[in-house]
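Contents: one structure, followed by commentary.
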Amino acid sequence: MPTSIDSSLINELAVSIADRLFIQVGNWNLYLGDAGIAKDLAIECQAHFDEGSNVAARKGLEAIQVKLGGGKTKLPLSKLIPPNQFFDLEEILEPYCR
4 MPTSIDSSLI
14 NELAVSIADR
24 LFIQVGNWNL
34 YLGDAGIAKD
44 LAIECQAHFD
54 EGSNVAARKG
64 LEAIQVKLGG
74 GKTKLPLSKL
84 IPPNQFFDLE
94 EILEPYCR
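One rule links them: number in the numbering used here = place in the sequence shown (from 1) + 3.
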């Protein structure tokens, strides 16, 4: 795990994630930027860059717990995004994991 968080890198990554990835509820898409969790996901993924984009994406999506119903229920972000979004996140992370 990196010893420090590069804030400019995190912000750049969060912007890339914000309007590309979304939580899907029924036919409704809530983009992670609008949900306020793009930066949290960027931070979680950045902690695993040295493990490759696949692992960074998987661990990041599992680590983010999304509160539902006013916090009564929490689910990992991985359970709330469509399956193809995992591959989109991997693609976004790939240049950072080299």
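Think of the CB as a built atom: it goes at the ideal place given N, C-alpha and C, for glycine as much as any other residue. A quick note: this is a predicted structure, and the numbers were derived from the prediction, not measured.
Outcome for residue i when other beta-carbon atoms lying within 10 angstroms are tallied against a minimum of 16
i, result
"F25", "buried"
"V69", "buried"
"Q27", "exposed"
"G73", "exposed"
"L78", "exposed"
"L64", "buried"
"L71", "exposed"
DSSP-derived helix/strand/coil call for residue i
i, result
"A21", "helix"
"I26", "strand"
"D53", "helix"
"P86", "helix"
Beta-bridge pairing of residue i - partner residues as DSSP gives them
i, result
"Q68", "P79"
"N32", "Q27"
Sequence-distant residues of its chain with Cβ nearer than 6 Å to residue i (five each side left out)
i, result
"G36", "A21, D22"
Inter-residue CB distance, residue i and residue j (contact presumed, cutoff 8 Å)
i, j, result
"S19", "I95", "5 Å"
"H51", "K62", "5 Å"
"C100", "A66", "The Cβ separation is near 16 Å, so there is no contact."
Cβ-based neighbour list, residue i, same chain, cut-off 8 Å, excluding 5 preceding and 5 following
i, result
"I13", "K42, A45, I46, Q49"
"D91", "R23, L24"
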